[in-house]
Amino acid sequence: MSTWLSSWKPWWLDLSSNFVPKLNNIPPLSTLCPKVSPYIINFILDLSFAYAHILRFFNGDIFSKENVSEAFHLLGSICSTVSNNKNVYHYAEQVFDTWRCGDCSSYFSNLVDDLIMIFSCHENIYHILLDLQTMFEIVSKSNQVTTDARKQAKHLERRMVFFISWNRDIPDGYLLAKLKLEECKNEELKMKKELENFNVKKDKIQTTPIEEI
Numbered sequence: 033m034s035t036w037l038s039s040w041k042p043w044w045l046d047l048s049s050n051f052v053p054k055l056n057n058i059p060p061l062s063t064l065c066p067k068v069s070p071y072i073i074n075f076i077l078d079l080s081f082a083y084a085h086i087l088r089f090f091n092g093d094i095f096s097k098e099n100v101s102e103a104f105h106l107l108g109s110i111c112s113t114v115s116n117n118k119n120v121y122h123y124a125e126q127v128f129d130t131w132r133c134g135d136c137s138s139y140f141s142n143l144v145d146d147l148i149m150i151f152s153c154h155e156n157i158y159h160i161l162l163d164l165q166t167m168f169e170i171v172s173k174s175n176q177v178t179t180d181a182r183k184q185a186k187h188l189e190r191r192m193v194f195f196i197s198w199n200r201d202i203p204d205g206y207l208l209a210k211l212k213l214e215e216c217k218n219e220e221l222k223m224k225k226e227l228e229n230f231n232v233k234k235d236k237i238q239t240t241p242i243e244e245i
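For the sequence shown, this note's numbering gives the first residue as 33, with consecutive numbering after it.
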């Protein structure tokens with residue numbers, strides 16, 4: 033997997049960005065699901081990790097004819113919420129563990145930084161979900177992917193409508209994920225510090241003459 037390109041600046045790092053979500057034809061959550069799972073935010077968290085990664089991987093260009101099908105397939109290969117509808121994350125920590133140990137593990141700390149910025153604002157969650165909905169809509173109408181891929185994209189497009197409705201009707205729902213991301217970042221910093229201290233002690237032992245040990 034190639035390294036991220038650095039010339040493009042993610043929208044969540046652009047302080048001048050003023051995103052206004054267009055929620056046309058988004059039905060009330062109560063009409064979509066009479067009983068909403070308490071784990072919805074964990075699905076959105078998983079999607080957000082994948083979204084941040086593919087956006088950086090493609091330097092922000094995930095909708096072009098050249099990239100959209102590849103971006104869709106990459107999303108499915110790294111995000112269990114896309115590839116496995118039966119998977120359930122009961123806790124945010126399960127999402128973190130999946131990403132910490134998965135194909136994007138070397139980027140995990142960077143992705144946590146990205147998501148802390150993204151989850152700092154309620155409107156940013158719309159930005160992610162609406163972008164993904166747009167990607168799925170493009171793929172569902174593309175003749176450059178298989179029939180199965182188009183069907184999967186159409187299903188995911190409808191699923192984004194549900195998530196967008198949830199984000200609108202439960203506006204504080206993202207706050208728990210925001211708190212968990214901050215806790216995760218603190219844990220990452222703690223682990224990094226412990227590793228640094230361990231390496232210092234190891235180097236000291238290796239450079240100390242045997243008679244002094």
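Positions of the beta carbon are idealized from the N, C-alpha and C atoms, including for glycine. As the structure is a computational prediction, the values presented were derived from the model and not from experiment.
With a 10 Å radius around its C-beta and 16 neighbouring C-beta atoms as the bar for buried, classify residue i as buried or exposed.
i              : result
lysine 233     : exposed
glutamate 226  : exposed
asparagine 231 : exposed
methionine 223 : exposed
cysteine 12    : Residue coverage of the chain in this structure runs from 33 to 245, which leaves residue 12 outside it and unanswerable.
valine 52      : exposed
isoleucine 170 : buried
glutamine 165  : buried
tryptophan 131 : buried
threonine 178  : exposed
valine 120     : exposed
serine 69      : exposed
glutamine 176  : exposed
arginine 88    : buried
With DSSP as the reference, label residue i as helix, strand or coil.
i              : result
tyrosine 205   : Here the sequence assigns glycine to residue 205, which means tyrosine is not the residue at that position. Coil, per DSSP.
valine 52      : coil
glycine 108    : helix
asparagine 99  : coil
lysine 178     : Note that residue 178 is threonine in the sequence shown, not lysine. Coil, per DSSP.
glutamate 226  : helix
serine 34      : With a pLDDT of 49 at serine 34, under the threshold of 50, the modelled position of that residue is not reliable, and no figure is offered here.
tyrosine 158   : helix
serine 172     : helix
serine 69      : coil
isoleucine 196 : helix
aspartate 163  : helix
threonine 153  : Looking at the sequence shown, residue 153 is not threonine but cysteine. In the structure shown, cysteine 153 sits in coil (DSSP, three-state: anything other than H, G, I, E or B).
isoleucine 148 : helix
Where does the unbroken alpha helix (DSSP H) through residue i begin, and where does it stop?
i             : result
valine 127    : 124-133
asparagine 74 : 72-89
valine 114    : 112-115
leucine 45    : Segment: none, leucine 45 is in no alpha helix (DSSP H) and carries neither H nor E.
serine 62     : 61-64
proline 138   : Strictly speaking, residue 138 in this sequence is serine, with proline absent from that position. First-last for serine 138: undefined, no H or E at that position.
Roughly how many angstroms lie between the CA atoms of residue i and residue j, to the nearest whole one?
i             : j                 : result
serine 34     : threonine 63      : Because the pLDDT of serine 34 is 49, which lies under 50, any placement of that residue in the model is unreliable, and the question is left without a value.
asparagine 99 : aspartate 93      : 7 Å
tryptophan 36 : isoleucine 86     : Its pLDDT being 49, under 50, tryptophan 36 is placed unreliably by the model, and nothing is read from it.
asparagine 50 : alanine 181       : 33 Å
serine 141    : serine 174        : 34 Å
serine 137    : lysine 97         : 29 Å
lysine 67     : phenylalanine 194 : 12 Å
serine 172    : serine 101        : 10 Å
asparagine 9  : histidine 122     : Any question about residue 9 goes unanswered here, given that the chain covers just 33 to 245.
asparagine 57 : leucine 162       : 13 Å
glycine 205   : tyrosine 71       : 10 Å
cysteine 133  : proline 203       : 31 Å
Taking Cβ to Cβ, would you say residue i is nearer than 9 Å to residue j?
i              : j              : result
isoleucine 148 : glutamate 214  : yes
tyrosine 83    : leucine 45     : no
alanine 124    : leucine 208    : yes
lysine 217     : valine 127     : no
leucine 79     : isoleucine 160 : yes
tryptophan 40  : asparagine 91  : yes
Do we get a CB-CB distance below 9 Å when we pair residue i with the residues of chain D?
i             : result
aspartate 201 : Checking the listed chains, one finds no chain D in this structure; it contains a single protein chain.
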